[in-house]
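Protein chains in written order, with our numbering: chain A, 37 to 259; chain B, 37 to 259.
Below is one structure, written out as structure tokens; comments come after it.
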DNA sequence: TAGACGGGTATTGTATCCAAACTTCTGACA
DNA sequence: TGTCAGAAGTTTGGATACAATACCCGTCTA
């Protein structure tokens, strides 16, 4: 059985995979037909997706797929950086912080980059993205501030903002590998700072860390 | 006619005013009867309220009113501080920043505190709360980072976190007036920092500013 | 030609019915 | 006495019918 939650999930997929295009009006019946459902479950899902930030209210009734400007993507990225910085600070200040999950992920990243020469670049970026997302998630979850996770989920729906998004398309291959290498070195520095309880440094480093991803939004890098 | 949005609003009121109590299961039919509607509009509203953070999913189906621990309230306050700090930074970095709305609000606060001796303390706190909320909103809106507003809305539903919440119940009357005075001086400093384009100072001051409100959560102040 | 008015249509809002699934209570059996 | 199975009741999920209204578009007027 479907349940409202899985209906919401399916519509979210439609949006994220671009089957519903940014700016496009979302009509209940149209979505219902596409999913083979009646309007009822759709009606329960749309307001939730609007609250989630994927749809915007248009006029007095009805929704449209939200369109994100480049500026909004950058804003969301900076906001993510600020929130994750706060998470790192919080984790560094906790007496009972457990660094083992982070160290495991660091090791995964080390191994990945060590063998990276033998990997196709797209494949490497995909694997790196996975590891990167795990790192960021681990810090947030270790911060013991659940609200940060909720707010970050909101940031991460914005295109190019999620830490799983790793793609620097207009750079040279060597440059792209170098960026990953540099970003992962920052991971090490962040863990060091957290390990030594240096909350301010951990926060500053994590905020800085997001800048790596700016180029995938501005796309303005020289080849 | 009601429309989903106003139904959501009415249920939100029920929650915020405590007619639906924290932890309490929210049954569709029960809410429908209270509002004099059928279950249909309720069913569209509940998932949205869950996304908003006021309800939590309980089990495989159904919702309950979210209960916020003291730690969660403090987390939300600190997160608000971080986000508003970012807003202040962003505003300070804008070349076209318009300080007039802030200056007007500063003046309102000055006037309020000047005549405060003649006011009942509850009344003063209510008026101060209004001015305070206006100040915070003005900075966020002038930051030109709409996502901050969205995330702050999420923080501000948490009890005691909204800048409109001004209540230091366990303090002496003199102390309470002194807190308002001090907080408003900080407003002046923040505007100064923004005016002079000192983004880092603006951010630091705004983050510090939230600490005033901590005591209304911990409630642990000596009289 | 621009703007206002009004009717028709498309789309959303609400109610009700039925189905599915979860909960709780009961009773039988180990 | 404890546990498990099953049935009854409660609650949510989905489909359909109908009502209300926002919006589009054509027409009329200034």
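Backbone N, C-alpha and C define an ideal beta-carbon position, used for all residues, glycine too.
Residue environment, residue i, which counts as buried when at least 16 other CB atoms sit within 10 Å
{"i": "residue 51 of chain B", "result": "buried"}
{"i": "residue 96 of chain B", "result": "exposed"}
{"i": "residue 121 of chain A", "result": "buried"}
{"i": "residue 66 of chain A", "result": "exposed"}
{"i": "residue 158 of chain B", "result": "exposed"}
{"i": "residue 77 of chain B", "result": "buried"}
{"i": "residue 53 of chain A", "result": "exposed"}
{"i": "residue 298 of chain B", "result": "Only positions 37 to 259 of chain B appear in this structure, which leaves residue 298 of chain B out of reach."}
{"i": "residue 37 of chain A", "result": "The predicted position of residue 37 of chain A is uncertain, since its pLDDT is 47 and thus under 50; no value can be drawn from it."}
{"i": "residue 209 of chain B", "result": "exposed"}
{"i": "residue 139 of chain A", "result": "exposed"}
{"i": "residue 40 of chain A", "result": "buried"}
{"i": "residue 58 of chain A", "result": "exposed"}
{"i": "residue 150 of chain A", "result": "exposed"}
{"i": "residue 175 of chain B", "result": "buried"}
{"i": "residue 239 of chain B", "result": "buried"}
{"i": "residue 92 of chain A", "result": "exposed"}
Test: residue i CB closer than 8 angstroms to a CB of chain B
{"i": "residue 87 of chain A", "result": "yes"}
{"i": "residue 259 of chain A", "result": "Note on residue 259 of chain A: pLDDT 39, under 50, position unreliable in the model; the coordinate value appears next. Not closer than 8 angstroms to any Cβ of chain B, the Cβ of residue 259 of chain A fails to qualify, so no."}
{"i": "residue 173 of chain A", "result": "no"}
{"i": "residue 97 of chain A", "result": "yes"}
{"i": "residue 44 of chain A", "result": "yes"}
{"i": "residue 68 of chain A", "result": "no"}
{"i": "residue 84 of chain A", "result": "yes"}
{"i": "residue 122 of chain A", "result": "yes"}
{"i": "residue 127 of chain A", "result": "no"}
Short CB-CB distance (under 8 angstroms) between residue i and chain A
{"i": "residue 118 of chain B", "result": "yes"}
{"i": "residue 114 of chain B", "result": "yes"}
{"i": "residue 58 of chain B", "result": "no"}
{"i": "residue 81 of chain B", "result": "yes"}
{"i": "residue 39 of chain B", "result": "yes"}
{"i": "residue 167 of chain B", "result": "no"}
Collapsed DSSP secondary structure at residue i in the structure displayed
{"i": "residue 91 of chain A", "result": "strand"}
{"i": "residue 203 of chain A", "result": "coil"}
{"i": "residue 227 of chain B", "result": "helix"}
{"i": "residue 263 of chain A", "result": "Since the first and last residues shown for chain A are 37 and 259, residue 263 of chain A lies out of range."}
{"i": "residue 116 of chain A", "result": "helix"}
{"i": "residue 238 of chain A", "result": "helix"}
{"i": "residue 213 of chain B", "result": "helix"}
{"i": "residue 219 of chain B", "result": "helix"}
{"i": "residue 61 of chain B", "result": "strand"}
{"i": "residue 123 of chain B", "result": "helix"}
{"i": "residue 100 of chain B", "result": "strand"}
{"i": "residue 180 of chain A", "result": "coil"}
{"i": "residue 152 of chain B", "result": "helix"}
{"i": "residue 147 of chain A", "result": "helix"}
{"i": "residue 175 of chain A", "result": "helix"}
{"i": "residue 67 of chain A", "result": "helix"}
{"i": "residue 134 of chain A", "result": "coil"}
{"i": "residue 83 of chain B", "result": "helix"}
{"i": "residue 197 of chain A", "result": "coil"}
{"i": "residue 55 of chain B", "result": "coil"}
{"i": "residue 157 of chain B", "result": "helix"}
{"i": "residue 187 of chain A", "result": "helix"}
{"i": "residue 165 of chain B", "result": "helix"}
Contact test: residue i Cβ vs the ligand MN heavy atom, cutoff 7 angstroms
{"i": "residue 181 of chain A", "result": "The ligand MN is not among the ligands present in this structure, which contains no ligands whatsoever."}
Check your understanding: Are the stretch 122 to 134 of chain A and the stretch 230 to 250 of chain A touching, with three or more C-beta to C-beta distances below 8 angstroms?
Key -> yes
Review point. Per the contact definition of three or more C-beta pairs closer than 8 angstroms, is the stretch 185 to 195 of chain B in contact with the stretch 203 to 220 of chain B?
Key: no
Check your understanding: Should the stretch 153 to 165 of chain B be regarded as contacting the stretch 102 to 112 of chain B, the criterion being three or more beta carbon pairs within less than 8 angstroms?
Key -> no
Point to revise | Interface residues of the stretch 129 to 147 of chain B facing chain A [CB-CB below 7 angstroms] | key: none
Practice item. May I ask you to list, following chain order, the residues of the stretch 183 to 195 of chain B that have a beta carbon less than 9 angstroms from some beta carbon of chain A? Key: 183, 184, 186, 187, 190, 191, 194
Exercise for review: Could you list the residues in the stretch 241 to 256 of chain A with a C-beta less than 9 angstroms from some C-beta on chain B, going in chain order?
Suggested key: none
Review point. Which residues, in order along the stretch 100 to 113 of chain A, keep a beta-carbon less than 7 angstroms from a beta-carbon of chain B?
Key: 108, 111, 112
Review point. On the three-pair Cβ rule with 8 angstroms, is the stretch 78 to 86 of chain B touching the stretch 79 to 86 of chain A?
Key: yes
Check your understanding: Can you find at least 3 beta carbon pairs, one from the stretch 180 to 187 of chain A and one from the stretch 240 to 258 of chain A, that sit closer than 8 angstroms?
Key -> no
Review point. Can at least three beta-carbon pairs, one atom from the stretch 86 to 102 of chain A and one from the stretch 171 to 179 of chain A, be found at a separation below 8 angstroms?
Key: no
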